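K.L.:
Numbering of the sequence shown is given in my numbering, commencing with residue 8 and proceeding in unit increments. Every residue, glycine too, gets a C-beta built ideally from N, C-alpha and C. Source: prediction; values computed, not measured. Just dropping this structure here.
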Amino acid sequence: MSCYLRHLKPILSEAGLDLVTKEERKRIDLAVRDAVAMKKEDKCNEVWKEVKVLLQDPDKKQSLLTRLKNI
Numbered sequence: 008m009s010c011y012l013r014h015l016k017p018i019l020s021e022a023g024l025d026l027v028t029k030e031e032r033k034r035i036d037l038a039v040r041d042a043v044a045m046k047k048e049d050k051c052n053e054v055w056k057e058v059k060v061l062l063q064d065p066d067k068k069q070s071l072l073t074r075l076k077n078i
């Protein structure tokens with residue numbers, strides 16, 4: 008499972024999501040990968056690199072939060 012999800016706990020909490028089951032983690036991972044235009048085959052560290060960049064932009068961060076709230 009994705010190495011970066013633990014770093015997203017504040018955003019996941021704000022979106023009302025918990026990392027309880029494997030299925031939930033997978034859905035969240037796929038939504039995050041989609042937000043940064045990455046494929047499920049891409050390596051975790053590559054995805055995290057893009058997510059960190061996305062989180063630096065308040066508008067993109069809000070877009071990710073909205074996307075997560077809707078999964």
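DSSP three-state call for residue 52: helix, strand or coil?
P.N.:
Here residue 52 corresponds to residue number 45 of the sequence shown, with the count starting at 1. If DSSP states are grouped into helix, strand and coil, residue 52 belongs with the helices.
K.L.:
Measure how close the beta-carbons of residue 71 and residue 18 come, nearest whole angstrom, since I'm counting them as under 8 Å.
P.N.:
For the purposes of this step, residue 71 is taken as residue 64 along the sequence shown, with counting starting at 1. For the purposes of this step, residue 18 is taken as residue 11 along the sequence shown, with counting starting at 1. Contact flag correct, Cβ pair sits at about 7 Å.
K.L.:
Would you tell me roughly how many angstroms separate the C-alpha atoms of residue 32 and residue 68, rounded to the nearest one?
P.N.:
Residue mapping note: residue 32 aligns to position 25 of the sequence shown, counting from 1. Residue mapping note: residue 68 aligns to position 61 of the sequence shown, counting from 1. When rounded, the distance between both Cα atoms is 19 Å.
K.L.:
How would you write the range of the alpha helix (DSSP H) that residue 20 sits in, first residue to last?
P.N.:
As a first step, residue 20 must be located in the sequence shown, where it is residue number 13. Residue 20 -> alpha helix (DSSP H) spans 16-21.
K.L.:
Do you know offhand how far residue 27's Cα is from residue 48's?
P.N.:
Residue 27 sits at position 20 when you count from the first residue of the sequence shown. Residue 48 sits at position 41 when you count from the first residue of the sequence shown. The alpha-carbon atoms of residue 27 and residue 48 are separated by roughly 23 Å.
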